[in-house]
Amino acid sequence: MLALALAATAQAKELPKLGQAPLQQVVAALTVEEKIALVTGQGMVFPGLPDDMQAPVVGAIDDHVPGAAGATVAVPRLGIPSLVLSDGPAGVRINPTRKNAPGKTFHATAFPIGSALASSWDTALVREVGSAIADEAAAYAIDVMLTPAMNIHRYPLGGRNFEYYSEDPVVTGETAAALVQGLQDRGVGASVKHFAVNNHEWNRNTINARVDERALREIYLKGFEIAMHKGQPWTVMSSYNKLNGSYTSESTWLLSDVLRTQWNYQGLVMTDWFGGKDAVAQMRAGNELLMPGTGSQRKVLSAALANGTLDQRVLDRNVTRVLELVLRSRAYKQAPHSDAPDLRGNATISRRAATQGMVLLKNDAATLPLAAASRLAILGHGSYEVITGGTGSGDVNKAYAISLLQGLQNAGFSNAAGLGERYALYIAEQTPKLPTTLWYLPKPRVPERPVEAAELAQLAQQQDLAVVTISRGSGEFVDRKPENDFQLSATERALLQATSTAFHAQGKKVVVVLNIGGVMETASWRDLADAILLAWQPGQEAGNAVADVLSGAVNPSGKLADTFAINLADYPAADGFPGKVLQGPDPNDKSIFGEIARAAEVEYRDSIWVGYRHFDTRKVDVAYPFGFGLSYTDFSYSDLKVDGGTQGPVHASVKITNTGKVAGREVAQVYVSAPSSPLPKPAQELRAFAKTTLLQPGQSQVLQFQIEGRDLASFNPELGRWVADKGRYSLRVGASSRDIRAQQGFDKAEASSYTP
3 MLALALAATA QAKELPKLGQ APLQQVVAAL TVEEKIALVT GQGMVFPGLP
53 DDMQAPVVGA IDDHVPGAAG ATVAVPRLGI PSLVLSDGPA GVRINPTRKN
103 APGKTFHATA FPIGSALASS WDTALVREVG SAIADEAAAY AIDVMLTPAM
153 NIHRYPLGGR NFEYYSEDPV VTGETAAALV QGLQDRGVGA SVKHFAVNNH
203 EWNRNTINAR VDERALREIY LKGFEIAMHK GQPWTVMSSY NKLNGSYTSE
253 STWLLSDVLR TQWNYQGLVM TDWFGGKDAV AQMRAGNELL MPGTGSQRKV
303 LSAALANGTL DQRVLDRNVT RVLELVLRSR AYKQAPHSDA PDLRGNATIS
353 RRAATQGMVL LKNDAATLPL AAASRLAILG HGSYEVITGG TGSGDVNKAY
403 AISLLQGLQN AGFSNAAGLG ERYALYIAEQ TPKLPTTLWY LPKPRVPERP
453 VEAAELAQLA QQQDLAVVTI SRGSGEFVDR KPENDFQLSA TERALLQATS
503 TAFHAQGKKV VVVLNIGGVM ETASWRDLAD AILLAWQPGQ EAGNAVADVL
553 SGAVNPSGKL ADTFAINLAD YPAADGFPGK VLQGPDPNDK SIFGEIARAA
603 EVEYRDSIWV GYRHFDTRKV DVAYPFGFGL SYTDFSYSDL KVDGGTQGPV
653 HASVKITNTG KVAGREVAQV YVSAPSSPLP KPAQELRAFA KTTLLQPGQS
703 QVLQFQIEGR DLASFNPELG RWVADKGRYS LRVGASSRDI RAQQGFDKAE
753 ASSYTP
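Shown next, in the form of structure tokens:
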């Protein structure tokens with residue numbers, strides 16, 4: 003017996019341990035069951051989950067971070083720990099309370115939504131936000147954050163546009179890369195998502211997106227390519243949808259040919275939760291980790307290994323990539339966690355980020371900034387119940403949210419006597435009347451409070467100015483609607499009209515604050531307002547951040563990362579959005595929450611003509627162009643210098659001078675117009691951008707840009723290559739796509755081509 007015990011002890015000592023032995027030895031020491039467990043997560047349990055989506059082992063889920071999205075499987079005998087993965091794009095998403103810690107809270111900071119961060123055009127700030135999110139993730143023992151979400155804003159009604167960045171792939175890619183860098187600077191992994199072409203929510207689990215290769219390369223994959231090269235994310239999350247007939251998580255072309263061979267990606271690919279249908283095809287395609295993991299997936303993979311339809315070498319390759327991720331993780335390094343992040347310090351970062359992303363759309367007769375201690379009539383339901391961010395995986399369980407009323411009062415402004423109480427009573431009366439919805443869907447909002455003309459007339463006599471907030475919710479699982487969402491509701495329009503009439507009759511101004519997650523219609527009502535501030539969904543410090551800008555404590559410097567069209571029909575994607583049903587419901591094909599799925603398809607007929615590429619090239623009038631945003635000061639552009647371009651990169655510089663009376667920041671946007679070509683080209687395309695530091699009146703800063711030769715190219719699908727034509731190019735620097743301040747041509751003597 004002693005000999006057997008000694009032999010067992012010796013055998014245990016000889017087991018290869020992760021990080022101590024070569025990875026090949028660790029993989030070889032794993033059993034088949036352990037390998038399959040490593041490429042499938044621990045699973046999830048929640049109401050309504052179909053049987054085939056249940057966790058692999060009931061009761062075996064490691065729930066030491068309640069509310070985290072999922073976890074990988076540990077193999078303690080080989081020194082392999084479990085990794086914890088958490089949503090989300092606007093901050094750490096975990097449960098705020100725990101059964102084993104009564105009286106203690108586990109809140110996280112709610113940062114501004116993705117559309118707001120992108121509108122800052124400030125990659126250094128976005129990187130700082132990423133680091134703050136990572137610090138909170140580390141405090142809560144989270145290894146990988148499932149962010150950034152970076153699909154293109156193809157059409158304003160896309161349900162998750164709020165957490166995505168822009169209609170432009172350069173803004174998207176640079177913003178995403180900065181967030182990735184900020185996260186991974188702190189040792190927390192990022193997961194760029196949703197790869198790829200997940201541009202709306204309708205039938206997202208089954209829809210087939212048909213996209214031509216040029217549009218794929220130039221619009222829908224380009225941002226991901228930038229994020230891969232500049233951010234080097236630890237993980238990528240494949241999307242739910244099909245792309246040209248294949249689920250993205252099962253697409254060898256997308257995950258192996260493009261991502262790994264052409265882009266040289268070295269990290270791990272995971273599915274979106276319960277994404278795809280064929281676990282074996284996912285393994286072969288290079289989707290190494292199936293999340294959150296199900297018992298049925300493990301059975302399928304085990305059978306496939308036994309019958310030879312899954313090669314052992316493919317499984318070993320995927321296990322190796324999972325272990326490479328584990329080696330990078332805080333869990334493997336046994337990094338300590340406190341469960342006590344610096345919420346106060348991160349709230350300061352959130353507030354600053356919110357102000358930098360706000361866009362001043364209108365400011366007639368210097369309505370803003372407000373005079374100190376102004377007496378305001380604060381109107382609109384959204385002024386009292388602010389929307390800090392979207393729902394679903396983009397939600398954050400924050401400790402508090404500052405309403406616009408609170409923020410304005412904190413800044414020294416006052417509200418009309420009794421007005422806040424009337425709104426509070428109305429909201430309390432209306433809330434119980436709201437329809438119930440499924441727990442995972444965005445909650446309905448109380449309709450706008452009707453305000454009588456007599457009440458507004460009295461307010462206009464007593465108060466100095468009106469501030470009206472228009473708010474919109476956003477969330478996962480559903481797309482937006484034209485009525486009462488993209489457009490104003492009848493009650494909102496009546497409120498704006500009556501407020502404008504009453505206050506203008508007294509010679510007083512009206513300010514509109516847009517507390518929204520995405521583009522909305524403004525052209526039909528903007529003349530009713532003297533100033534319009536696009537505040538987005540700005541995180542938990544919403545009211546304080548809005549007050550910072552309205553008061554002039556912060557000079558707005560945000561610029562639109564999307565075009566605001568006059569009409570919804572002006573977007574070319576309006577033709578065919580969100581798609582069509584191909585066949586009736588299939589009872590055997592259910593989505594994540596058990597709804598019967600339908601086969602559907604959407605054709606991207608707009609091809610590359612997304613956003614300003616369409617509006618500017620085809621000279622379509624818009625409400626506000628891409629890149630637009632006002633300031634409380636003025637800037638001049640001068641001394642544009644352009645060098646190179648014949649063979650190598652193009653170097654450019656421009657001097658930005660604050661010619662106004664208050665300090666401010668400016669975003670310089672570099673567009674390039676290509677020579678005529680048999681391949682249709684947009685009139686101009688954004689190729690670079692930079693934001694100045696805070697310039698005092700009279701102060702200047704020279705901004706430098708470098709545009710690589712490859713970035714002048716368009717994808718030629720017939721050649722299967724990127725091609726930069728020879729000829730005369732024009733480099734244009736502007737304050738928006740339709741406000742070009744300086745331009746200079748350069749010649750390219752010979753055409754160049756580049757492999758994908």
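First residue of the sequence shown? That's 3 in the numbering used here, and the numbers climb one at a time after it.
Heads up, the beta-carbon is just placed ideally off N, CA and C, and yes, glycines get one too.
- Excluding the 5 residues flanking it on each side, S754 has same chain C-beta neighbours closer than 6 Å at G711, A726, in chain order.
- Distances from the alpha-carbon of V271 to those of D344, T250, E36 put T250 closest.
- Here the C-alpha atom of P437 lies approximately 7 Å from the C-alpha atom of P446.
- G175: member of the alpha helix (DSSP H) spanning 171-187, first to last residue.
- For A31, the three-state secondary structure derived from DSSP is helix.
- Rounded to the nearest whole angstrom, the C-alpha separation of G184 and S258 is 27 Å.
- Using a Cβ distance threshold of 8 Å, N412 and L378 do not count as a contacting pair.
- Inclusion of T149 and P91 in the CB contact set at 8 Å is warranted, their separation being smaller than that value.
- For S473, the three-state secondary structure derived from DSSP is strand.
- Contact between K561 and S738 is confirmed by a C-beta separation of about 7 Å, below the 8 Å threshold.
- With respect to the C-alpha of N546, the residue from Q408, L697, P627 having the closest C-alpha is Q408.
- The distance from the Cβ of A141 to that of S340 is about 5 Å, consistent with a contact at the 8 Å cut-off.
- CA-CA distance, V398 to A112, rounds to 6 Å.
- Counting only residues of its own chain and dropping the five nearest sequence neighbours on each side, S405 has a CB closer than 8 Å to the CB of S385, Y386, E387, V388, A544, G545.
- The segment 504-585 is shown to contain whole beta strand (DSSP E) runs of 3 or more residues at 511-517, 533-536, in chain order.
- Each of G613, V652, V669, D214 was checked against the Cα of T659, and the nearest Cα belongs to V669.
- Around the beta-carbon of A419, fewer than 16 other beta-carbon atoms lie within 10 Å, marking it exposed.
- Within the DSSP secondary-structure output, W265 pairs in no beta bridge.
- The C-beta of S640 has fewer than 16 other C-beta atoms within 10 Å across all chains shown, which makes the residue exposed.
- Among the bridge pairs identified by DSSP, R723 is matched with N718.
- Note on geometry: alpha-carbon atoms of L552 and P540 lie some 14 Å from one another.
- Rounded to whole angstroms, the separation of the alpha carbons of W441 and F48 is 11 Å.
- Closest by C-alpha distance to Y614, out of L312, F630, T471, D54, is F630.
- For W255, the number of other beta carbons within 10 angstroms of its own is below 16, and it is reported as exposed.
- In this structure, the straight-line span from the alpha carbon of D741 to that of P171 is close to 20 Å.
- Excluding sequence positions up to five before and after L312, its CB lies within less than 8 Å of the CB of V282, M285, R286, L303, A306, all in the same chain and listed in chain order.
- With a cut-off of 8 Å on Cβ pairs, the segment 159-168 is not in contact with the segment 362-382, counting fewer than three such pairs.
- If only complete runs of 4 or more residues are kept, the segment 400-433 shows the alpha helix (DSSP H) at 406-412, 421-432, in order along the chain.
- Leaving aside the five residues that flank A198 on each side, the residues in its chain whose CB is nearer than 7 Å to its CB run, in chain order, Y222, L223, F226, S241, L245, T250, L256.
- Taking a 10 Å sphere around the C-beta of K750, we find 16 or more other C-beta atoms and assign the residue as buried.
- By the Cβ criterion, the segment 485-494 is in contact with the segment 521-533, since at least three pairs of Cβ atoms, one from each stretch, lie closer than 8 Å.
- Q314 carries a helical assignment under DSSP once its states are collapsed to helix, strand and coil.
- The three-state secondary structure of T237, taken from DSSP, is strand.
- Annotation: the continuous alpha helix (DSSP H) that includes F617 extends over 614-619.
- G586 is not a Cβ neighbour of E605, given a cutoff of 8 Å.
- R730 is bridged by DSSP to D749.
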